[in-house]
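K.L.:
Just dropping this structure here.
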Amino acid sequence: MPLYAYEILHDKPAPLQAKERPWGARCPVWQKYCMPVGNGTMGAMIYGGTKRERVQFNVDSLWAGKVNPKQNRANVFPGISRIRELLLEGKYQEAEQLGKQALGCAEGAQEDFGSYITFGELVIETGIPFEETSNYVRRLDLDRALHVVEFDHKGNRYTRSVFASYPDRCIVIRFEVEGDARQDLALSFASPNAFLPRIEQGDLVIQGELADSGLPVDARVRVLQEGGRVAVGDNNKRVEVKGARSVTFLLSADTGFDLDQPDLVGEGRAAELQSVIDAAAAKGYAALLADHLKDYQALYQRVSLDLGASDTAVQSMPMERRLARYKKGGVDPDLEEMLFQYGRYLLIGSSRPGSMPANLQGVWNNSNEPAWAADYHININLQMNYWLAGPANLLECQLPLIDYTDLLARHGRKSAQAYYEADGWTAFHAPNLWGHTAPRYPASAGKPRWWNHLPISGPWLAYNIYEHYAFEQDPSFMRERIWPIVSGSAEFLVDYLYWHPDGYYTSLMSWSSEHGKMSVGPTCDHAIAREILACALELADVLEIEDARTREWKQVMENIMPYRIGQHGQLQEWAEDRDNPNDKHRHINHLWGLHPGSQISPLSTPELAEAANVTMAHRGDGATGWSLGWKLNFWSRLRNPDKSYQLIRNLLRSKIYPNLFDTHPPFQIDGNFGYTAGLCELLLQSQEKDAAGRPVLDILPTLPKAWPSGQVSGLRARGGFEVDLSWKDMQLKTLKVRSLNGRDFALRVNGRLQNHSLAKGECLERSF
Ligand code: FUC
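As structure tokens, then:
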């Protein structure tokens, strides 16, 4: 079998595998059994029914809500200053009390926040009951990004294929039958929204407009049949095909949203969609498929992974049974590889140049009330979605995140001013499509919404943007796109951080993300601030900028409150030594400097790493899906292969659905992406720099015993390198490093560090 070929198999249509909750956010059929395809802008979930096929679909910018230009609460800074004074006087309760009244977005902004919503579904009636079929299989082929349903009916083999084409901007659905059989199909549209379908020139045309913003919404479906004839039914809302050999449906959809001008929702895209569909129809199915494969495989096939072979019988098992077997302890390295490649598949499917970034559900959503509005949480989740982009060699897929961060940086300048009278930009913990950067909720007299007021979220996101440069090393792209975001974040930080009377800068006052009480300084904030200021200084150095501003960044960076090790030997989560060893909270913010940051390492800061080990032991090996993903990354960086592998088993055992979606619960895609990123960390790390500032490529830092022999190719390292390696009996066998930019680097192999120079395009090859 080729190294990239993985199939997620099912032996029944999704609706027969669980009970449906139509348009329900937690509908088990949709979130556990339907299979996804996507081209960044559009996503679709396929049900695989024989009698009634359903293709539920989404458009990434289909959001309720609207821009609220008055989202920032006025006059907050005096309240924040008072809270700071109270905390310094040790009056925590009073400070928290005041926090409840003073912190939040402006009244009314919450109502405009909105939510990512579903578009609807194409329904294709066929009249073939599942009971009359045999040899049914549906499968998602990861190597081709192709969903196929196959079955026999009355001696004929039926095949239905679906893929989402990025180059041709449409979802292609093809119904075929072998032999002499003919198909009668009826196409219609269903949605919980008041979008109106009608047949126009033989196409199913759907139009709508959202109430809050006036956002125009359009879709068009072309029906191309071979043989037979077409009629229109159900009051001009249904296309009926009779006696066809094959039928191809081409679906394209979009909204009038423009990321550069979110407050001007623009014209509908009906005319544009018609041209898209005309062009796709003229091309024909075979050419659409060929171009789709070329586009997709150019990204997907960059990385191959082999961790050992599963039994052939296991490989052909339907996924539900395969997962149940794994849960009982079954060995299945191919499944662990498949989940790795699935993370890459999902990022390619939900984040391509020109699209919105992957939200909490990527681009897939069947409801108007998805969990957490399927928004862009930036207190871990959106950042986690992109941890794999560099290491798993999908940097292009990160461009939507940079475009989106530009919007947040624009709106976030006002938030930085409003809340902290600070220059630069920030955004609080959960922005939306419309560029909401203020705290998500208004002040509340009741329970404090501590997760809400998290000014460090903006800098946290800026770190992902810096990482794009770290992996890519393109100075002109950095100057134009990355520098403004990262330097704007550094500007915010130096104004935001507070000079504590004890003689250091702290994040006074804040919370550790979603955890704990008010603090004079959460460790996570300090770690992020330290790292972002260092990143900004590194970029300034490349750009040869040295001025009063950069000198201030350096001065602040060098005087941030240091890490503290507490009474249990743990890395303290707060300036106050109040960690509870029995606390199993999913957010482990204080280890940010271990991952995704680069400040803590068993090799260079062994005492801090030991304290991080204690913290990890306290928090345990269970959690929500995304938190398990983060724990995997932590254990990889702590160079603990046994714990890392245990986390992999835990994730697959408890938080992966039969469609391989990760669950919080409910379905939340960050755990998928966190897993793929974590797996990269086990095989190759590059966050460290040597004394001369060269990136260190650390080969096989944390290899689990469960994978004694294997190979990986195409992983990417910071500094601009591609790495292939293989190992046998736990020993490195071959290593190949391709330099993409000609930077000097160091290699750590079997614990020994060696310097290397390669010209751009040159390779280093070693056998051991
Ligand atoms: C953060 C997490 C939750 C969830 C939500 C989307 O608030 O604490 O667990 O992942 O984001």
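The opening residue of the sequence shown carries number 97 in my numbering; numbering runs sequentially from there.
We put the beta carbon where it would ideally sit given N, CA and C, even for glycine.
Given the structure is predicted, the values throughout are model-derived calculations rather than measurements.
Can you give, in chain order, each stretch of the alpha helix (DSSP H) that sits fully within the region 638-680 and has at least 4 residues?
P.N.:
Runs found: 644-653.
K.L.:
Between the region 589-600 and the region 841-848, are three or more C-beta pairs nearer than 8 Å?
P.N.:
No, the region 589-600 does not touch the region 841-848.
K.L.:
At which residues does the beta strand (DSSP E) containing Q807 begin and terminate?
P.N.:
Indexing the sequence shown from 1 puts residue 807 at position 711. Here the beta strand (DSSP E) through Q807 covers G806 to A813.
K.L.:
Report the option in L491, D471, V151 and L112 whose CA atom is closest to the CA atom of I267.
P.N.:
Start at 1 with the first residue of the sequence shown, and residue 267 comes out as number 171. With respect to the C-alpha of I267, the residue from L491, D471, V151 and L112 having the closest C-alpha is V151.
K.L.:
For G175 versus A198, is the C-beta spacing smaller than 8 Å?
P.N.:
Here residue 175 corresponds to residue number 79 of the sequence shown, with the count starting at 1. Here residue 198 corresponds to residue number 102 of the sequence shown, with the count starting at 1. Yes, the Cβ-Cβ distance between G175 and A198 is below 8 Å.
K.L.:
Tell whether a beta-carbon distance below 8 Å holds between R626 and Q695.
P.N.:
Numbered from 1 along the sequence shown, position 530 holds the residue referred to as residue 626. Numbered from 1 along the sequence shown, position 599 holds the residue referred to as residue 695. With respect to the 8 Å criterion, R626 and Q695 are classified as neighbours on the basis of their beta carbons.
K.L.:
Of all the beta strand (DSSP E) runs that stay within the bounds of the region 559-641, which reach a length of 3 or more residues?
P.N.:
594-596, 600-602, 606-608 and 611-615
K.L.:
May I ask you to report which of helix, strand or coil DSSP gives F763?
P.N.:
Residue mapping note: residue 763 aligns to position 667 of the sequence shown, counting from 1. Of the three classes helix, strand and coil, the one that applies to F763 here is strand, per DSSP.
K.L.:
Alpha carbon to alpha carbon, how far is A290 from L593?
P.N.:
Reading the sequence shown from its first residue, position 194 is the one you call residue 290. Reading the sequence shown from its first residue, position 497 is the one you call residue 593. Cα to Cα, the separation comes out at about 48 Å.
K.L.:
Can you tell me whether L281 is helix, strand or coil according to DSSP?
P.N.:
The count along the sequence shown starts at 1 and reaches residue 281 at position 185. Correct three-state label for L281: strand.
K.L.:
Quick one: residues in its chain with C-beta nearer than 6 Å to the C-beta of I552, no 5 flanking neighbours on either side, listed in chain order?
P.N.:
Walking along the sequence shown from the start, residue 552 turns up at place 456. The beta carbon of I552 lies closer than 6 Å to those of D621 and I624 in the same chain, with the five residues before and after it left out.
K.L.:
Give me the residue from L550, H681, P555 and A802 with the minimum Cα distance to G716.
P.N.:
As a working note, residue 716 is residue 620 in the sequence shown. When each option's Cα is compared against that of G716, the closest is H681.
K.L.:
Taking only the alpha-carbon atoms, compute the straight-line gap between K162 and V219 and give it to the nearest angstrom.
P.N.:
Position 66 of the sequence shown, counted from the first residue, corresponds to residue 162. Position 123 of the sequence shown, counted from the first residue, corresponds to residue 219. If I take the Cα positions, the gap works out to 30 Å.
K.L.:
Determine, using beta-carbon pairs with one atom in the region 630-648 and one in the region 700-717, whether at least three such pairs fall under 8 Å.
P.N.:
no
K.L.:
For D643, count neighbouring Cβ atoms within 10 angstroms of its own Cβ and tell me buried if that reaches 16, exposed if not.
P.N.:
Walking along the sequence shown from the start, residue 643 turns up at place 547. Under this definition D643 is an exposed residue.
K.L.:
K832 lies in the beta strand (DSSP E); which residues open and close that run?
P.N.:
As a working note, residue 832 is residue 736 in the sequence shown. Residues Q827 to S835.
K.L.:
Can you pull the DSSP bridge partners for V361?
P.N.:
Reading the sequence shown from its first residue, position 265 is the one you call residue 361. According to DSSP, which records beta bridges pairwise, V361 is partnered with nothing at all.
K.L.:
At a cut-off of 7 Å, would you count T720 as near the ligand FUC, judging by its Cβ distance to the nearest heavy atom?
P.N.:
Working through the sequence shown from its first residue, we reach residue 720 at position 624. Within the cutoff, so yes.
K.L.:
Using only the heavy atoms of the ligand FUC, determine whether one of them is closer than 7 Å to the beta carbon of Q127.
P.N.:
Taking the first residue of the sequence shown as 1, we reach residue 127 at position 31. Because no heavy atom of the ligand FUC lies under 7 Å away, the Cβ of Q127 does not count as near it: no.
K.L.:
For F436, which residues of its own chain have a beta-carbon under 6 Å away from its beta-carbon, when the five flanking residues on both sides are left out?
P.N.:
Walking along the sequence shown from the start, residue 436 turns up at place 340. These residues qualify, in order along the chain: L401, T772 and L775.
K.L.:
With 16 other CB atoms within 10 Å as the buried threshold, where does S309 fall?
P.N.:
Residue 309 sits at position 213 when you count from the first residue of the sequence shown. The residue is buried, with at least 16 neighbouring Cβ atoms inside 10 Å.
K.L.:
Is the distance from the Cβ of S406 to the Cβ of W119 below 8 Å?
P.N.:
Residue mapping note: residue 406 aligns to position 310 of the sequence shown, counting from 1. Residue mapping note: residue 119 aligns to position 23 of the sequence shown, counting from 1. The answer is no: Cβ separation not under 8 Å.
K.L.:
Count the other CB atoms within 10 Å of the CB of S585; is the residue buried (16 or more) or exposed (fewer)?
P.N.:
In the sequence shown, residue 585 corresponds to position 489, counting from 1. Its Cβ being crowded by 16 or more others within 10 Å, S585 is buried.
K.L.:
Bridge partners of T222, per DSSP?
P.N.:
Taking the sequence shown and counting its residues from 1, the one referred to as residue 222 is at position 126. Looking at the DSSP assignment, T222 forms no beta bridge with any residue, so it has no partner.
K.L.:
Between the alpha carbons of Q397 and D391, how many angstroms are there, rounded?
P.N.:
Locating residue 397 in the sequence shown gives position 301, counting from the first residue. Locating residue 391 in the sequence shown gives position 295, counting from the first residue. So the two alpha carbons sit approximately 10 Å from each other.
K.L.:
Using 7 Å as the cut-off, classify the Cβ of E465 as near or not near the heavy atoms of the ligand FUC, replying yes or no.
P.N.:
Position 369 of the sequence shown, counted from the first residue, corresponds to residue 465. Checking the Cβ of E465 against the ligand FUC gives no.
K.L.:
Ignoring anything shorter than 4 residues or poking outside the region 157-213, list the alpha helix (DSSP H) runs there in chain order.
P.N.:
Here the runs fully enclosed are 173-184 and 188-198.
K.L.:
Since M141 is in the beta strand (DSSP E), which residue starts that stretch and which ends it?
P.N.:
If you number the sequence shown from 1, residue 141 lands on position 45. Where M141 is concerned, the enclosing beta strand (DSSP E) stretches over M138 to I142.
K.L.:
Taking A382 as the reference, give the member of A787, L300, D356 and S342 with the closest Cα.
P.N.:
Position 286 of the sequence shown, counting from 1, holds the residue named residue 382. Among A787, L300, D356 and S342, the Cα nearest to that of A382 is on S342.
K.L.:
How many whole angstroms separate the CB atoms of G139 and F153, which I take to be in contact at a CB cut-off of 8 Å?
P.N.:
By one-based count along the sequence shown, residue 139 stands at place 43. By one-based count along the sequence shown, residue 153 stands at place 57. Correct: roughly 7 Å between the Cβ atoms.
K.L.:
What residue range is occupied by the uninterrupted beta strand (DSSP E) comprising S863?
P.N.:
Walking along the sequence shown from the start, residue 863 turns up at place 767. Note, S863: beta strand (DSSP E), C859 to S863.
K.L.:
Pick out whichever of A282, W670, G275 and L724 has its Cα sitting closest to the Cα of G298.
P.N.:
On the sequence shown, position 202 is the one that residue 298 refers to. Closest option to G298, Cα to Cα, is A282.
K.L.:
Can you name the residues that DSSP bridges to R122?
P.N.:
In the sequence shown, counting from the first residue as 1, residue 122 sits at position 26. Answer by DSSP bridge pairing: none, since R122 is not bridged.
K.L.:
Go to M413, then tell me how far its beta strand (DSSP E) extends in each direction, as first and last residue.
P.N.:
In the sequence shown, residue 413 corresponds to position 317, counting from 1. That residue, M413, is in no beta strand (DSSP E); it is neither H nor E in DSSP.
K.L.:
Can you tell me whether M826 is buried or exposed, with buried defined as 16 or more other CB within 10 angstroms of its CB?
P.N.:
Here residue 826 corresponds to residue number 730 of the sequence shown, with the count starting at 1. Under this definition M826 is an exposed residue.
K.L.:
Is R682 near the ligand FUC - that is, is its Cβ less than 7 Å away from at least one heavy atom of it?
P.N.:
Along the sequence shown, read from residue 1 onward, the residue named residue 682 stands at position 586. R682 Cβ: within cutoff of the ligand FUC.
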